[in-house]
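Presented below is the structure to which this report refers.
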Amino acid sequence: MRRTWPVALVALATVVMGGATPASGDAVDLATDSTTTATAAVCGSSSLNGPTTPPAGAVVVPEGDNSGVDLRKANTTYYFETGTHTLGTDKYSQIMPGNGSTFVGAPGAVLDGQRLNLFAFTQQATGVTIRYLTITGFVAPKDQGVVNHDSGDGWVVEHNTIRDNGGAGLMAGATNKIRGNCLKDNGQYGLNAYKSGNTITGLVVADNEFTGNNTDDWEQQEPGCGCTGGMKFWAVNGADVTGNWVHGNHGPGVWADTNNNDFLIEDNLIEDNESLAIFYEISYNAVIRNNTIRRNAWASGAKRATTGDPFPEAAIYLSEADGEPRVAARTSKIEITGNRLENNWGGITAWANADRFCNSPASTTGDCTLIVGPTNKAQCSAPAIASEPLYTNCRWWTKNVDVHHNTFAFDPSAVNGGCPTQYCGQMALLSNWGTYPDWSPYKGAVIQQSIVHGSNNSWHDNTYTGPWQFKVTDMDNRIVPGLWVGPQYGQDAGSTFDGGTPAPPAIAEQDFESGTTTAPYTAWYGSSLAHQTGSAHGGTGSLQMTSTQGSGSAVALDNFPGYSGVVAGTSYDVSLWYREAVATMPAVTWNVRWRDESGTVLRTDAISLAQKTAWTKAGGTFTAPAGTTRVDWTFVWNASTAGPAFQIDDVAIRPGT
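Numbering-wise, the sequence shown is residues -25 to -1, 1 to 632 according to mature numbering (1 follows the signal peptide of the UniProt record, and there is no 0).
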């Protein structure tokens, strides 16, 4: 997504703190509709209450106007007494802490920006600790933050209430520890983890409550800005996001955007966010594990449905996200495991935009891939990008995605008062047809084929309940579970759907029950066709083939280049039932022809139909040869005279058992 980075501001006024005493956080009701409870129900809890007496050696800061207090000393502990503290009336009145300084609030200690001051804590001191303060009423601009405005390293921010501020409540630097805070009702983000130079490593975001953030509704103000949500991460290398309660945010819950790597997103309760629960975008190597994710993306999904947008809105959205062993991390996959997803608008969407790659005008980020180097965009240009290694290295592919041992529960009547199933309840693995720019080497179906068949993306051993559907390859291809698990896509091996395993659908299945049509069969030569009612093998319909001359005869399918969905190297059971209709039935050869996408016959397998007066099954099991994507067949025989006939019924070609 697009991003605009602020330049760190120098304080232009006195550095201060201080004013009325709001509560440290509003109490909230825990979700009660499942066995999972919010372990990080922080807002309004006693965990936010600081010590009632100052720590030994602390500088005591009285309530009121603290503009005259020196709060810049290094290695000093400041204890803010109960009451409201203000920093002065200039918009740049702020605290610029010294290295190793600590700021501790007594119960009910409030740092109030008075809707005048932009920032609370700024500059790049290291090792700063902030605990037990309520920080509210600051008016940071878009893309900037109130606490740790300049992304100082080594900060510890614990047990604070950061609420009702403009911009982001909190920024982050390297090795920050953000634990046990209430981040509530801030104008843009609860947390915005960005630092100029992309140097954030070792970030911990644990046991916090993120709720109600993006009160300024920035996506409405700037559509497509990609600048909202509970928490957002930019180019962070190593982050543990664990044990948080992320709920009711006006946008995504957890969003990692642009060259993040080595994320652990674990044991979080993520619910009731207006958009995606987890969004991992043009980033690398993540473990998303043991989270409870429910009732997310109802608003954003309904908005798509209202406009007829078929893109599968997800609870977990992977957009150009790579498991990449060349980038050091605790994993070399995008692993999604052990999660429970319940009544979200959608499930997991793994997407790759064919036109989005380093140096493409379709990429809204200013960075290149980590493999080429974030600042090396110019390397990814024509003609060099059309050849290796740049062809591979210049894009985020969405590869090595491993989705396993999750539970996916979906009841459309419980989603947003009832959701339209042509839009909701979908898993997806797809891309678009590449068209742009003119010099792109990824045009056409290249990326569609890559994401589905060539990038080691796998769903397996999951549990599904409800009417799940799957979008594969492109947005127009919405399929049922049986086709998703079948040989064409080969997904969700070992998974169950409502307690069972769906059978892959047949490539072709004909019972001749509908009307009197003989389609898709056509008399080739020396023969005629007729639909028969009654005396069928199954049901009431069959197809009769009759010799019209005393020599060679044939019947063929009229659906060139045949039935699609065949997978090369896959075993198929081919069968039909037949019997003599008018004596004496000739010996018939059923020729099953395996074709490539252009229609070229790669191999023909012959099945003999000898004379039988009772219904008899014929068939065989065959492995589709290399290059096969389609199949059709003919019936060929020789009769000594016109008149003999036979019937066929219940023709099927299906994946082998």
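The beta carbon of each residue, even a glycine, is placed where N, CA and C say it ideally should be.
- Message: Which residue wins for smallest C-alpha separation from Arg570, given the options Gly540, Thr591 and Trp499?
- Response: Counting from one through the sequence shown, the residue named residue 570 turns up at place 595. Arg570 has its Cα closest to that of Gly540, out of Gly540, Thr591 and Trp499.
- Output the distance between the C-alpha atoms of Cys369 and Leu166, rounded to the nearest integer angstrom. As a position in the sequence shown, residue 369 is number 394, starting the count at 1. As a position in the sequence shown, residue 166 is number 191, starting the count at 1. When rounded, the distance between both Cα atoms is 30 Å.
- Inter-residue Cα distance where the pair is Asp330 and Ala33: As a first step, residue 330 must be located in the sequence shown, where it is residue number 355. As a first step, residue 33 must be located in the sequence shown, where it is residue number 58. Each residue's Cα considered, the two are about 57 Å apart.
- Message: Tell me the DSSP secondary structure of Ala389 in three-state form.
- Response: Within the sequence shown, the letter at position 414 stands for residue 389. Ala389 falls in the helix class under three-state DSSP.
- Look at Asn375 and Gly298 and say whether their C-beta atoms are less than 8 Å apart. Locating residue 375 in the sequence shown gives position 400, counting from the first residue. Locating residue 298 in the sequence shown gives position 323, counting from the first residue. Yes, Cβ-Cβ distance for Asn375 and Gly298 is below 8 Å.
- Query: Alpha carbon to alpha carbon, what distance is there between Gln397 and residue 641?
  - Reply: Outside the shown range of the chain (-25 to 632) lies residue 641, about which nothing can therefore be said.
- Query: Quick one: any contact between the stretch 209 to 224 and the stretch 244 to 252, if contact means 3 or more CB pairs under 8 Å?
  - Reply: yes
- Cβ pair Leu316, Asn381 closer than 8 Å: Taking the sequence shown and counting its residues from 1, one reaches residue 316 at position 341. Taking the sequence shown and counting its residues from 1, one reaches residue 381 at position 406. Yes. Within cutoff.
- Query: Going by DSSP, what residues sit across from Val180 in a beta bridge?
  - Reply: Stepping through the sequence shown from its first residue, residue 180 is reached at position 205. DSSP output for Val180 lists Ile153 and Val216 as bridge partner(s).
- Item | Start-to-end residues for the alpha helix (DSSP H) that takes in Asn368 | Indexing the sequence shown from 1 puts residue 368 at position 393. Start and end: Leu365 to Asn368.
- Item | Continuous alpha helix (DSSP H) stretch holding Thr64: start and end | The sequence position of residue 64 within the sequence shown is 89, counting from 1. Taken as a continuous stretch (DSSP letters only), Thr64 belongs to no alpha helix (DSSP H), as it is neither H nor E.
- Can you have a look at Ala359 and say buried or exposed, based on whether 16 or more other CB atoms are within 10 angstroms of its CB? Here residue 359 refers to the residue found at position 384 of the sequence shown. It is exposed - the Cβ of Ala359 has fewer than 16 other Cβ atoms within 10 Å.
- Please list, in chain order, all residues of the same chain as Gly228 whose beta carbon is under 6 Å from its beta carbon, the five residues on each side excluded. Residue numbering aside, residue 228 sits at position 253 when the sequence shown is read from its first letter. The answer, listed in chain order, is Gly205, Val221, Ile245, Asn248 and Ala252.
- Rounded to whole angstroms, what's the CA-CA distance from Gln423 to Arg453? Just pull it up for me. As a working mapping, residue 423 is identified with position 448 in the sequence shown. As a working mapping, residue 453 is identified with position 478 in the sequence shown. If I take the Cα positions, the gap works out to 15 Å.
- Message: What does the alpha-carbon distance come out to for the pair Trp443 and Asp449?
- Response: Sequence index remark: in the sequence shown, residue 443 carries index 468 (1-based). Sequence index remark: in the sequence shown, residue 449 carries index 474 (1-based). Rounded to whole angstroms, Trp443 to Asp449 spans 17 Å at the Cα level.
- Task: Please state if the CB of Leu504 and the CB of Thr493 are separated by a distance shorter than 8 Å.
- Result: Position 518 of the sequence shown, counted from the start, is the residue given in the question as residue 493. Position 529 of the sequence shown, counted from the start, is the residue given in the question as residue 504. Yes; because the gap between Cβ atoms is below 8 Å, this pair is in contact.
- CB-CB under 6 Å to residue 634, same chain, minus the five flanking residues each way: which ones, in chain order? Within the shown structure, residues of the chain are numbered from -25 to 632, placing residue 634 beyond reach of any answer.
- Message: Which complete beta strand (DSSP E) runs does the stretch 414 to 485 hold, if anything under 3 residues is left out?
- Response: 433 to 435, 438 to 440, 444 to 448 and 483 to 485
- Message: So if DSSP puts Arg578 in a beta bridge, which residue, or which two residues, is it bridged to?
- Response: Taking the sequence shown and counting its residues from 1, one reaches residue 578 at position 603. In the DSSP output, where bridge partners are listed per residue, Arg578 has Trp569.
- Determine the contact status of Val131 and Asn156, defining contact as a CB-CB distance below 8 Å. As a working note, residue 131 is residue 156 in the sequence shown. As a working note, residue 156 is residue 181 in the sequence shown. Taking 8 Å as the Cβ cut-off, Val131 and Asn156 do not qualify as a contacting pair.
- Determine the closest residue to Asp533 out of Lys207, Phe610 and Val421, with distance taken between C-alpha atoms. Taking the sequence shown and counting its residues from 1, the one referred to as residue 533 is at position 558. The candidate whose alpha carbon is nearest that of Asp533 is Phe610.
- Can His60 and Leu86 be called in contact, C-beta distance under 8 Å? Translated into the one-based positions of the sequence shown, residue 60 becomes position 85. Translated into the one-based positions of the sequence shown, residue 86 becomes position 111. Closer than 8 Å, so yes.
- Task: Going by CA-CA distance only, name the one from Val17, Thr497 and Thr51 that's closest to Ala31.
- Result: Counted from its first residue, the sequence shown places residue 31 at position 56. The candidate whose alpha carbon is nearest that of Ala31 is Thr51.
- Whose C-alpha, out of Arg629, Ala361, Thr217 and Asp45, is nearest the C-alpha of Gly461? For this step, residue 461 is matched to residue 486 along the sequence shown. Closest option to Gly461, Cα to Cα, is Arg629.
- Message: Strictly by DSSP, which residues pair up with Phe55?
- Response: Along the sequence shown, one-based indexing puts residue 55 at 80. According to DSSP, which records beta bridges pairwise, Phe55 is partnered with Val36 and Gly80.
- Do Val549 and Gly594 come within 8 Å of each other at the CB atom, strictly closer than that value? Translated into positions along the sequence shown, residue 594 becomes position 619. Translated into positions along the sequence shown, residue 549 becomes position 574. Contact: yes.
- Item | Start and end residues, alpha helix (DSSP H) containing Arg279 | Locating residue 279 in the sequence shown gives position 304, counting from the first residue. Unbroken alpha helix (DSSP H) run through Arg279: Trp273 to Thr282.
- Message: Which residues does DSSP list as the beta-bridge partners of Pro630?
- Response: Within the sequence shown, residue 630 is the residue found at index 655, counting from 1. Per DSSP, Tyr547.
- What's the gap between the Cα of Asn613 and the Cα of Trp499? Taking the sequence shown and counting its residues from 1, the one referred to as residue 613 is at position 638. Taking the sequence shown and counting its residues from 1, the one referred to as residue 499 is at position 524. Using only the alpha carbons, I get a separation of about 13 Å.
- Every unbroken alpha helix (DSSP H) within the stretch 314 to 368, with a cutoff of 4 residues, ordered by chain: 365 to 368
- Query: With respect to the alpha helix (DSSP H) encompassing Gln196, which residues constitute its N-terminal and C-terminal limits?
  - Reply: Here residue 196 is taken as the residue at index 221 of the sequence shown, counted from 1. Run containing Gln196: Trp193 to Gln196, per the alpha helix (DSSP H) assignment.
- Residues of its chain near Thr(-5), where Cβ-Cβ distance is below 7 Å and the 5 sequence neighbours each way are ignored: Taking the sequence shown and counting its residues from 1, one reaches residue -5 at position 21. The pLDDT assigned to Thr(-5) is 31, lower than 50, so where the model puts this residue is not dependable, and the model offers no usable value.
- Task: With DSSP collapsed to three states, give me the class of Leu46.
- Result: Here the question's residue 46 lines up with position 71 in the sequence shown. Leu46 falls in the coil class under three-state DSSP.
- Item | Alpha carbon of Tyr439 to alpha carbon of Phe385, nearest angstrom | By 1-based counting over the sequence shown, the position of residue 439 is 464. By 1-based counting over the sequence shown, the position of residue 385 is 410. So the two alpha carbons sit approximately 8 Å from each other.
- So, using beta-carbon positions, are Thr544 and Ala599 closer together than 8 Å? Mapped onto the sequence shown, residue 544 falls at position 569. Mapped onto the sequence shown, residue 599 falls at position 624. A small correction: the amino acid at residue 544 is Gly; Thr does not occupy that position in the sequence shown. Result yes, Cβ atoms of Gly544 and Ala599 sit closer than 8 Å.
- Item | Beta-carbon proximity list for Gly213, same chain, < 6 Å, skipping 5 on both sides | Mapped onto the sequence shown, residue 213 falls at position 238. Excluding residues within five positions, the ones whose Cβ falls inside 6 Å are Thr176, Gly177 and Asp237.
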